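Enquirer: Here's a structure for you.
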Amino acid sequence: MEAAFSRITMTAASAMLLLALVVLWRRHAGAYITAFRTQSIALAVTGAVVASYGGASELFFVSFMILVVKGWIVPSVLSGMDAKRQSARELRPLLNTETSLLVSGALAVAAYEISRPLAEVMNLPTRGGLPIALALVFVSLFIVVSRREVIAQIVGFLMLENGIALLALLGAYGVPLIVELGVFLDVLLGVLVMQAVVYQIHDTSAD
Amino acid sequence: MDPLMTDALVIAAQTAFLIVIAPAVVGYVRLIKARLQGRRGATIIQPYRELRKTFRKGMVIAESASWIFHVAPFAIVGATTAAASLAPVVSTVQPADLVGDLFVLAALLMLGTFFLALGGLDPGTAFGGMGSSREMTVAALTEPTIAIAVLTLALTTGSTSLGAITGTVLKTPAYAIGPGHALAFAAFLIALIAETGRLPVDNPSTHLELTMIHEAMILEYSGPYLALIEWAAAVRLTLLLTLAANLFLPWGMATSLVPAALTVGLCAIVVKLAILGLLLALLETRVAKLRLFRVPELLALSFTLALLGAASSFFTK
Numbered sequence: 000m001e002a003a004f005s006r007i008t009m010t011a012a013s014a015m016l017l018l019a020l021v022v023l024w025r026r027h028a029g030a031y032i033t034a035f036r037t038q039s040i041a042l043a044v045t046g047a048v049v050a051s052y053g054g055a056s057e058l059f060f061v062s063f064m065i066l067v068v069k070g071w072i073v074p075s076v077l078s079g080m081d082a083k084r085q086s087a088r089e090l091r092p093l094l095n096t097e098t099s100l101l102v103s104g105a106l107a108v109a110a111y112e113i114s115r116p117l118a119e120v121m122n123l124p125t126r127g128g129l130p131i132a133l134a135l136v137f138v139s140l141f142i143v144v145s146r147r148e149v150i151a152q153i154v155g156f157l158m159l160e161n162g163i164a165l166l167a168l169l170g171a172y173g174v175p176l177i178v179e180l181g182v183f184l185d186v187l188l189g190v191l192v193m194q195a196v197v198y199q200i201h202d203t204s205a206d
Numbered sequence: 000m001d002p003l004m005t006d007a008l009v010i011a012a013q014t015a016f017l018i019v020i021a022p023a024v025v026g027y028v029r030l031i032k033a034r035l036q037g038r039r040g041a042t043i044i045q046p047y048r049e050l051r052k053t054f055r056k057g058m059v060i061a062e063s064a065s066w067i068f069h070v071a072p073f074a075i076v077g078a079t080t081a082a083a084s085l086a087p088v089v090s091t092v093q094p095a096d097l098v099g100d101l102f103v104l105a106a107l108l109m110l111g112t113f114f115l116a117l118g119g120l121d122p123g124t125a126f127g128g129m130g131s132s133r134e135m136t137v138a139a140l141t142e143p144t145i146a147i148a149v150l151t152l153a154l155t156t157g158s159t160s161l162g163a164i165t166g167t168v169l170k171t172p173a174y175a176i177g178p179g180h181a182l183a184f185a186a187f188l189i190a191l192i193a194e195t196g197r198l199p200v201d202n203p204s205t206h207l208e209l210t211m212i213h214e215a216m217i218l219e220y221s222g223p224y225l226a227l228i229e230w231a232a233a234v235r236l237t238l239l240l241t242l243a244a245n246l247f248l249p250w251g252m253a254t255s256l257v258p259a260a261l262t263v264g265l266c267a268i269v270v271k272l273a274i275l276g277l278l279l280a281l282l283e284t285r286v287a288k289l290r291l292f293r294v295p296e297l298l299a300l301s302f303t304l305a306l307l308g309a310a311s312s313f314f315t316k
């Protein structure tokens with residue numbers, strides 16, 4: 000039972016990491032947003048799994064909130080932003096795809112190496128997913144710094160947020176509910192603010 | 000029966016099965032593709048008819064061709080057959096484990112690719128050389144991926160022998176749902192597509208020389224040589240599909256050599272090949288060929304997947 004729990008959380012965490020890699024490989028903002036939406040759904044599923052196996056029932060509520068806020072509202076807002084973007088051209092990252100993928104591979108290996116001592120002293124069954132969550136944080140940060148377009152940077156930032164949520168979920172079975180709610184509000188507010196100012200940012204940062 | 004005889008019989012039977020069924024696998028994928036594209040398509044046995052016809056035809060050989068051109072088809076068939084003899088097909092009892100493991104298999108497949116590229120270069124035509132150069136680019140990028148995907152399997156199961164890996168995964172199914180296994184499987188599938196020259200890396204049914212990879216190398220071959228190379232390519236596809244099915248999802252394979260288990264194993268591999276062939280046809284219908292300069296990106300993706308798989312099985316040991 001515990002072994003299956005551990006395997007399922009690890010596989011879900013890997014799926015989330017893979018969806019971050021999708022951003023490095025695809026070239027259209029639509030694909031970025033779909034990847035983020037799927038990643039949020041995977042996060043919600045992980046939350047529900049941790050809730051049912053780990054006996055933390057308030058996590059069911061948190062998973063539901065993740066599904067609504069990050070799986071539905073935020074991607075819709077992002078899609079609206081993408082539709083309003085003047086240039087429908089494909090995104091041009093600062094680093095080419097091959098290098099990006101190899102760098103993220105190296106980041107993932109580094110994340111494994113860094114989190115090994117941490118995973119050794121923990122005795123939660125979810126500890127195997129910790130390096131993957133850390134790798135997701137690193138790769139998302141890399142997405143933020145290596146993309147030129149603002150919308151791609153926002154997706155990277157939101158994935159970073161997903162990574163931190165996953166880290167909390169696997170490392171401590173989630174943070175207190177009130178903190179979680181605050182984070183949701185922050186994310187929602189952040190995205191709305193970014194939506195409002197994204198064109199000004201774009202005007203000053205591009206070229 | 001003499002145990003040595005039994006071993007030889009098991010190896011010979013599994014190899015013969017792969018070699019005989021290979022054209023049918025190609026025909027099956029073509030048929031499914033045709034149906035998906037709204038055509039009626041030829042029957043599954045059409046590739047056998049084509050092979051028979053090609054074997055009967057005379058050969059036209061370029062004047063500039065040297066002995067390498069004549070040796071290459073036999074080297075390709077030999078290397079592919081040798082590689083096929085190592086794979087566990089119906090049962091996890093694979094006596095060829097003693098002779099060679101995954102590394103030998105990868106080396107034999109690479110040897111086949113090497114001779115194919117040489118055969119393409121030898122007559123000195125423009126398209127042959129172009130095809131060989133492209134094939135080597137792709138092969139150089141897929142080899143590390145296959146090696147690392149294999150390393151992932153070897154790390155989780157503690158052996159590099161094909162039969163031993165399938166046996167271990169069959170005994171402990173928890174290995175098969177772990178991230179290492181799943182990532183290595185994804186990486187292996189991409190490498191498989193690139194190695195066998197399927198879409199989106201290469202178009203197996205193209206007649207446009209400028210976009211060819213595999214077909215460009217065999218442009219100068221005709222008659223029996225062409226038939227041998229085509230057959231070897233079919234065996235290669237079947238072999239890699241079998242490996243994908245049996246190394247990563249070994250359920251249904253026989254664990255002993257009793258007739259009942261072997262019958263189940265035979266049905267299992269046919270069903271698995273049918274499912275994988277269906278997926279391959281679906282993929283080939285859905286995607287367009289990648290621009291040649293985007294192929295390295297796809298292969299970098301598969302390399303990263305393999306690396307992640309290896310990292311997760313190495314550090315979470």
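In order, the protein sequences belong to chains A and B. Mapping of the first sequence onto numbering that gives the first Met the number 0: position 94 corresponds to residue 93, and the numbering continues sequentially without gaps. Mapping of the second sequence onto numbering that gives the first Met the number 0: position 250 corresponds to residue 249, and the numbering continues sequentially without gaps. Glycine included, each C-beta is placed from N, C-alpha and C at the ideal position. The structure presented is a predicted model; accordingly, all values stated were derived computationally and were not measured.
1. For A:LEU18, which residues from the same chain have a beta carbon less than 6 Å from its beta carbon, with the 5 sequence-adjacent residues on both sides left out?
2. Quick one: grab the DSSP three-state call for B:ALA86.
3. How many Å lie between A:SER139 and A:PRO124 at the Cα?
4. How far does the alpha helix (DSSP H) with B:TRP230 in it reach, from first residue to last?
5. For B:VAL294, which of B:ALA193, B:LEU281, B:LEU227, B:LEU115 has the nearest alpha-carbon?
6. Is the distance from the Cβ of B:LEU161 to the Cβ of B:ALA86 below 8 Å?
7. Run through the segment 57 to 104 of chain B for me and flag every whole alpha helix (DSSP H) of 4 or more residues, listed as ranges in chain order.
8. Compare the C-alpha of B:VAL2 against each of B:LEU50, B:THR53, B:LEU110, B:VAL92 and name the closest.
9. So, using beta-carbon positions, are A:LEU165 and A:ALA132 closer together than 8 Å?
10. What's the gap between the Cα of A:VAL73 and the Cα of B:ALA83?
11. Taking any Cβ of chain B, which residues in the segment 83 to 106 of chain A have a Cβ under 9 Å from it, in chain order?
12. Looking at A:VAL207: is its Cβ nearer than 8 Å to the Cβ of A:VAL154?
13. Any idea which residues DSSP pairs B:ALA253 with across the strands?
14. May I have the straight-line CA-CA distance separating B:ARG51 from B:THR237, to the nearest angstrom?
15. Between B:PHE54 and the rest of its own chain, which residues show a CB-CB distance below 6 Å, the 5 nearest in sequence each way excluded?
16. In terms of residue numbering, what span does the alpha helix (DSSP H) encompassing B:PRO129 cover?
17. Does the separation of the CB atoms of B:GLU219 and B:THR151 fall below 8 Å?
18. Does the distance from the C-beta atom of B:ASP121 to that of B:SER65 stay below 8 Å?
19. Taking 8 Å as the threshold (beta carbon to beta carbon), is A:ILE131 in contact with chain B?
20. Apart from the five residues just before and just after B:ALA81, which ones in its own chain have a Cβ nearer than 6 Å to its Cβ?
21. Starting from A:GLU97, trace the alpha helix (DSSP H) in both directions and tell me its first and last residue.
22. Just the C-alpha distance for A:ASP206 and B:ALA146, rounded to the nearest angstrom, thanks.
23. In angstroms, rounded to a whole number, what distance separates the CA positions of A:TYR111 and A:PHE59?
24. Who are the neighbours of B:ALA310 on chain D, taking C-beta pairs under 7 Å?
25. Identify each residue in the segment 136 to 148 of chain B for which the Cβ-Cβ distance to at least one residue of chain A is less than 8 Å, and report them in chain order.
26. For B:LEU304, count the other beta carbons within 10 Å of its own beta carbon; 16 or more makes it buried, fewer makes it exposed. Which is it?
27. Tell me the DSSP secondary structure of B:PRO199 in three-state form.
Expert: Per the coordinate set shown:
1. Excluding residues within five positions, the ones whose Cβ falls inside 6 Å are ALA34, THR37, GLN38.
2. When secondary structure is reduced to three states using DSSP, B:ALA86 falls in the coil class, being assigned neither helix nor strand.
3. The alpha-carbon atoms of A:SER139 and A:PRO124 are separated by roughly 25 Å.
4. In the DSSP assignment, B:TRP230 falls within the unbroken alpha helix (DSSP H) covering 222 to 247.
5. With distances taken between Cα atoms, B:VAL294 lies closest to B:ALA193.
6. Yes, they are a contact pair.
7. Fully enclosed alpha helix (DSSP H) runs of no fewer than 4 residues occupy 66 to 85 of the segment 57 to 104 of chain B, in order along the chain.
8. Per the sequence presented here, residue 2 of chain B reads as Pro, with Val not at that position. Ranking B:LEU50, B:THR53, B:LEU110, B:VAL92 by Cα distance to B:PRO2 puts B:VAL92 first.
9. Result yes, Cβ atoms of A:LEU165 and A:ALA132 sit closer than 8 Å.
10. Spanning the two alpha carbons is a distance of roughly 51 Å.
11. Listed by position, the residues of the segment 83 to 106 of chain A near chain B (Cβ gap below 9 Å) are ASN95, THR96, GLU97, THR98, SER99, LEU100, LEU101, SER103, GLY104, ALA105.
12. The first residue shown for chain A is 0 and the last is 206, placing residue 207 of chain A beyond what the model contains.
13. Paired residues: B:SER90.
14. Those two C-alpha atoms are separated by around 19 Å.
15. Counting only Cβ-Cβ distances below 6 Å, and skipping sequence neighbours, we find PRO223, ALA226.
16. Per the sequence shown, residue 129 of chain B should be read as Met rather than Pro. Going by DSSP, B:MET129 is part of the alpha helix (DSSP H) stretching over 125 to 156.
17. No, the pair does not count as a contact, with Cβ atoms beyond the cut-off.
18. A contact, by the Cβ cut-off of 8 Å.
19. Taking a beta-carbon distance threshold of 8 Å, A:ILE131 counts as an interface residue toward chain B.
20. Correct list, in chain order: LEU107.
21. Annotation: the continuous alpha helix (DSSP H) that includes A:GLU97 extends over 96 to 120.
22. Residue confidence for A:ASP206 is low, a pLDDT of 46 falling below 50, so the modelled location carries little weight and cannot support an answer.
23. Their backbone Cα atoms lie some 29 Å apart in a straight line.
24. The structure shown has no chain D; the protein chains it does contain are A and B.
25. Under the 8 Å Cβ criterion, the segment 136 to 148 of chain B contributes no residue.
26. Classification of B:LEU304: buried, given that the 10 Å Cβ count is 16 or more.
27. Per DSSP, reduced to three states, the secondary structure at B:PRO199 is coil, with no helix or strand assignment.
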